[in-house]
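Participant: Before anything else, here's the structure in question.
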Amino acid sequence: TSLKGPSRFVRATVNLPAVLRRGAIHHQSLSVERRVKSVCLGAMAQRETVTVSSLHVYPVKSCAGVELQQARVTPTGFLLDRVWMVVMEETGRFVSQRKEPTLALVQPVLPQEVVDAQAGAPLPQGLSLTLTAPGMSPLKVPLEASRDSPRRQCICWEWTGPAADAGDEAAAWLSDYLGKPVRLVRYAGRAGGKGAAQDALRRATDADWAPESETAFADGFPFLLIGEGSLKKLNEGMAEPVPMNRFRPNIVVSGAPGWTEDAWRHLSIGGVAFEAVKPCSRCKETTVDQEKATFGEEPLQTLRTFRTGTQLGWAEAGGLRSWKHEVFFGQNLITPVPEGTVKVGQTVEVATTRDTSTTSEGRALLWQPIPVPPPPAGLALALRGGQTWLLAALGAVLVALLLQRYMT
Numbered sequence: 001t002s003l004k005g006p007s008r009f010v011r012a013t014v015n016l017p018a019v020l021r022r023g024a025i026h027h028q029s030l031s032v033e034r035r036v037k038s039v040c041l042g043a044m045a046q047r048e049t050v051t052v053s054s055l056h057v058y059p060v061k062s063c064a065g066v067e068l069q070q071a072r073v074t075p076t077g078f079l080l081d082r083v084w085m086v087v088m089e090e091t092g093r094f095v096s097q098r099k100e101p102t103l104a105l106v107q108p109v110l111p112q113e114v115v116d117a118q119a120g121a122p123l124p125q126g127l128s129l130t131l132t133a134p135g136m137s138p139l140k141v142p143l144e145a146s147r148d149s150p151r152r153q154c155i156c157w158e159w160t161g162p163a164a165d166a167g168d169e170a171a172a173w174l175s176d177y178l179g180k181p182v183r184l185v186r187y188a189g190r191a192g193g194k195g196a197a198q199d200a201l202r203r204a205t206d207a208d209w210a211p212e213s214e215t216a217f218a219d220g221f222p223f224l225l226i227g228e229g230s231l232k233k234l235n236e237g238m239a240e241p242v243p244m245n246r247f248r249p250n251i252v253v254s255g256a257p258g259w260t261e262d263a264w265r266h267l268s269i270g271g272v273a274f275e276a277v278k279p280c281s282r283c284k285e286t287t288v289d290q291e292k293a294t295f296g297e298e299p300l301q302t303l304r305t306f307r308t309g310t311q312l313g314w315a316e317a318g319g320l321r322s323w324k325h326e327v328f329f330g331q332n333l334i335t336p337v338p339e340g341t342v343k344v345g346q347t348v349e350v351a352t353t354r355d356t357s358t359t360s361e362g363r364a365l366l367w368q369p370i371p372v373p374p375p376p377a378g379l380a381l382a383l384r385g386g387q388t389w390l391l392a393a394l395g396a397v398l399v400a401l402l403l404q405r406y407m408t
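Just so you know, we're using this note's numbering here: the sequence shown kicks off at 1 and counts up by one.
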């Protein structure tokens, strides 16, 4: 079927298993319209050569990014990606562009030794991260926190734990720039191996989606991948296009049609294996112009017209009510073996894709959280009957109470 030909629709009813967060499994019949035109997208993507077009790290959470030609893979993401974070001095809660858009103008500069770092090679001692911002003198921040650096209790979304304070000079610099008392902290966890969820210094990823992974101060997962084709598709529907930096990706790829990466599951780049575990829901920070540090309406306004969980069919297919009104752009990745180096120009090899159905609104993928272990046989039998067993038990209790009252 030619992608240039007219769209044809085939009516079908399919049964999709929806795995709920509590582990109960049910099947729901979903009537879908399958566009033959869209069915060919996967095959097209395989014939196209997909390559890495750019790589990015964001050493300080919510500050400007650094573009690299190669990036070293670590257990928490690319080397030095979001290992520092600005927090409120009083509460320890993280500060982001959602409330302080001028953080977009804070530009980190990595030493050349980090830029050229190869997998497995130790970094020289005494290196520093440099921060610049309008009206401010450059600030030097040691790459490694000293052993006697005080620990400060911090909050990054759902995680609360100790991080290494970067010192009074960094705190004064950022407080002066933002006009409020803040501190700069560094991730203190020794990443790698299992047990991140039990280690107070480490930050595990959401166990529903990636139970054996961890990250530093990224919003949720170690890596974010976006296709240039998807940004092009988005910009086609906007009065003024937005650049890729609005979405703060780590890996940008070219050569794939728009939204193709939605269906990717297992892929490899330069011998490094990745798994796409969850589409990235987008927030207010995407509306900040990264050059002007000002808020706008786009791209969220346009994304809400066709990329919500409901419009894509993901909320219904996966039984994920919270996704109904969220908007999605990009794919969150983890890596099972966090070692190696990813380079611009390397080929992206897609090993497996997710089962998809197509509707007039878009591809309905079966995104689901990791199922919990099945309940014991007796409980499973009870669950199979839905709520009947519970109603029966309540009825028995009520009858017993009535009999007791009657007999007395």
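Backbone N, C-alpha and C define an ideal beta-carbon position, used for all residues, glycine too.
1) Could you give the residue range of the beta strand (DSSP E) that holds residue 253?
2) Which residues share a DSSP beta bridge with residue 161?
3) Between which residues of its own chain and residue 214 is the CB-CB distance below 8 Å, once the five residues before and five after are set aside?
4) Take the Cβ of residue 381 as the centre, count every other Cβ of all protein chains shown within 10 Å, and call the residue buried at 16 or more, exposed below.
5) Shorter than 8 Å from the beta carbon of residue 133 to some beta carbon of chain B?
6) List the residues that DSSP assigns as beta-bridge partners of residue 56.
7) What do you reckon, are the CB atoms on residue 154 and residue 145 nearer than 8 Å?
8) Can you tell me which of the three DSSP states residue 387 falls into?
9) On the three-state DSSP scale, how would you describe residue 146?
10) In the DSSP assignment, find the beta strand (DSSP E) that holds residue 278 and state where it starts and stops.
11) Do residue 345 and residue 433 have their beta-carbon atoms positioned less than 8 Å apart in this structure?
12) Less than 7 Å between C-beta atoms, sequence neighbours within five positions excluded: which residues of the same chain meet that for residue 183?
13) Flag this pair as touching only if the segment 222-231 and the segment 330-349 have three or more C-beta atom pairs under 8 Å; answer yes or no.
14) Evaluate contact between the segment 240-259 and the segment 105-112, counting only Cβ atoms and requiring at least three cross-stretch pairs below 8 Å.
15) Within a Cβ cutoff of 7 Å, which residues of the same chain sit near residue 101, ignoring the five residues on either side of it in sequence?
16) Once you ignore the five residues that flank residue 65 on each side, which residues in its own chain have a CB closer than 7 Å to its CB?
17) Near residue 302, what residues of its chain come up, given a Cβ to Cβ distance below 6 Å and the 5 sequence neighbours on each side ignored?
18) Please report how far the alpha carbon of residue 284 lies from the alpha carbon of residue 99, in whole angstroms.
19) Between which two residues does the alpha helix (DSSP H) containing residue 175 stretch?
20) Which value, in whole angstroms, describes the spacing of the CA atoms of residue 355 and residue 263?
Facilitator: Reading it off the structure:
1) In the sequence shown, residue 253 corresponds to position 253, counting from 1. Following the DSSP letters along the chain, one finds residue 253 inside the beta strand (DSSP E) bounded by residues 251-254.
2) Indexing the sequence shown from 1 puts residue 161 at position 161. DSSP lists 154 as partners of residue 161.
3) One-based indexing of the sequence shown puts residue 214 at position 214. Once the five neighbours on either side are set aside, the close Cβ partners of residue 214 are 75, 76, 189, 191, 196, 202, 203, 204, 205, 222.
4) For this step, residue 381 is matched to residue 381 along the sequence shown. Low per-residue confidence applies at residue 381: pLDDT is 43, beneath 50, and the placement is therefore not dependable, though the value from the model is reported in the following sentence. Answer is exposed; the Cβ neighbour count stays below 16.
5) The structure shown has no chain B; it contains just one protein chain.
6) Here residue 56 refers to the residue found at position 56 of the sequence shown. Answer is 67, bridged to residue 56.
7) As a first step, residue 154 must be located in the sequence shown, where it is residue number 154. As a first step, residue 145 must be located in the sequence shown, where it is residue number 145. At a Cβ-Cβ threshold of 8 Å, residue 154 and residue 145 do not count as neighbours.
8) Residue numbering aside, residue 387 sits at position 387 when the sequence shown is read from its first letter. In this prediction, residue 387 scores a pLDDT of 49, lower than 50, which makes its location untrustworthy; the coordinate-derived value is nonetheless stated afterwards. Coil at residue 387, not helix or strand.
9) The sequence position of residue 146 within the sequence shown is 146, counting from 1. If DSSP states are grouped into helix, strand and coil, residue 146 belongs with coil.
10) For the purposes of this step, residue 278 is identified with residue 278 of the sequence shown, where counting begins at 1. Residues 272-281.
11) Residue numbering for the chain in the displayed model covers 1 to 408; residue 433 lies beyond these limits and cannot be assessed.
12) Here residue 183 refers to the residue found at position 183 when the sequence shown is read from its first residue. For residue 183, same chain residues with a beta-carbon under 7 Å away, outside a window of 5 residues either side, are 87, 89, 152, 165, 171 in chain order.
13) With a cut-off of 8 Å, the segment 330-349 and the segment 222-231 count as touching, because enough Cβ pairs lie within range.
14) The segment 240-259 is not in contact with the segment 105-112.
15) Within the sequence shown, the letter at position 101 stands for residue 101. Cβ neighbours of residue 101 within its own chain (closer than 7 Å, five residues either side excluded): 288, 293, 294, 295.
16) The sequence position of residue 65 within the sequence shown is 65, counting from 1. Close CB contacts of residue 65 within its chain, under the 7 Å cut and outside five residues either way in sequence, are with 56, 57, 58, 245, 248 (chain order).
17) Reading the sequence shown from its first residue, position 302 is the one you call residue 302. Scanning its chain for C-beta atoms nearer than 6 Å, with the 5 sequence neighbours on each side dropped, one finds around residue 302 the residues 237, 238, in chain order.
18) As a first step, residue 284 is located in the sequence shown; it is residue number 284 there, counting from the start. As a first step, residue 99 is located in the sequence shown; it is residue number 99 there, counting from the start. Residue 284 and residue 99 have their C-alpha atoms spaced approximately 9 Å apart.
19) For the purposes of this step, residue 175 is taken as residue 175 along the sequence shown, with counting starting at 1. Start and end: 168-178.
20) Position 355 of the sequence shown, counting from 1, holds the residue named residue 355. Position 263 of the sequence shown, counting from 1, holds the residue named residue 263. A straight-line Cα-Cα distance of about 8 Å links residue 355 and residue 263.
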